[in-house]
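Colleague:
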Amino acid sequence: MNDDPGPILDQINVVARDVDAMVGFYRRLGIAIEDVDARWDRHHRSALMAGGLDLEIDSQEFTATWNRGWPAGGAGVVIGFRVPTREAVDERYEDLTAVGYMGQQEPYDAFWGARYAIVEDPDGNSVGLMSPMDPARRTPPPPPPA
């Protein structure tokens, strides 16, 4: 019997044309969204939902820093799945791309301390694969986009 629980739905990133408008909508809906350093207001906001699901709202410019394959001017969502190890990110990415699914972002060590990659599902939706975060692997984030 396989003890691997498989990927766990862990995060949804909303890539927004207007982060402030998106934050206003979700706050009006009743979601508690954190205020951040003013330099990041236009680019990134977070909310931890019941059950541990992360709702992230990112600008198109910031999204391009962590997903090199994100289309310029594109808006939409990235559906994020947690996998058990850093190696599992690489293994699942390689498995999916080897059978023909499009890779948007090859596996890499992200500044927030996780191993991260993105593939497209058959309809072109972005699907993130993320290892647990390791605080020892965190690096300073890039500066906010201009």
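Under the numbering used here, the first residue of the sequence shown is numbered 969, with each subsequent residue one higher. From the three backbone atoms N, C-alpha and C, an ideal C-beta is built for every residue, glycine too. Since the model is a prediction, treat every value here as computed from it, not as a measurement.
Just tell me which of Arg1060, Asp986 and Ala1066 has its CA closest to the CA of Gly1041.
Modeller: Asp986
Colleague: Say whether the stretch 1049 to 1065 touches the stretch 1094 to 1111, bearing in mind that this needs 3 or more beta-carbon pairs closer than 8 Å, one atom from each stretch.
Modeller: yes
Colleague: Grab me the residues of Ser1118's own chain with a C-beta within less than 6 Å of its C-beta, minus the 5 sequence neighbours each way, in chain order.
Modeller: Shown here, the chain extends from 969 to 1114; a query on residue 1118 therefore has no answer.
Colleague: Taking the straight line between their C-alpha atoms, what separation do you get for Thr1107 and Gly1044?
Modeller: 27 Å
Colleague: On the CB-based measure, 16 or more other CB atoms within 10 Å of its CB, does Thr1053 come out buried or exposed?
Modeller: exposed
Colleague: Hey, quick one: how far does the alpha helix (DSSP H) through Phe993 stretch, first residue to last?
Modeller: Segment Val987 to Leu997, the alpha helix (DSSP H) holding Phe993.
Colleague: Quick one: Cα of Ala1006 to Cα of Ala989, how far?
Modeller: 16 Å
Colleague: What are the boundary residues of the beta strand (DSSP E) that includes Trp1004?
Modeller: Per the sequence shown, the amino acid found at residue 1004 is Val instead of Trp. Looking at the DSSP string, Val1004 is not in any beta strand (DSSP E), and its letter there is neither H nor E.
Colleague: Looking only at its chain, what residues have a beta carbon closer than 7 Å to the beta carbon of Met1017, apart from the 5 residues adjacent to it on each side?
Modeller: Leu1023
Colleague: Taking just the CA atoms, how far does Ala1114 sit from Gly1031?
Modeller: Per the sequence presented here, residue 1031 reads as Thr, with Gly not at that position. Those two C-alpha atoms are separated by around 13 Å.
Colleague: Between which two residues does the beta strand (DSSP E) containing Ala984 stretch?
Modeller: Ile976 to Ala984 is the span of the beta strand (DSSP E), which, as asked, contains Ala984.
Colleague: Do Val1046 and Ile1086 have their C-beta atoms closer together than 8 Å?
Modeller: yes
Colleague: Between Trp1008 and Glu1074, what straight-line distance do the alpha-carbon atoms span, to the nearest angstrom?
Modeller: 25 Å
Colleague: Out of Asp1058, Val1057 and Gln1072, which one is the CA nearest neighbour of Pro1039?
Modeller: Gln1072
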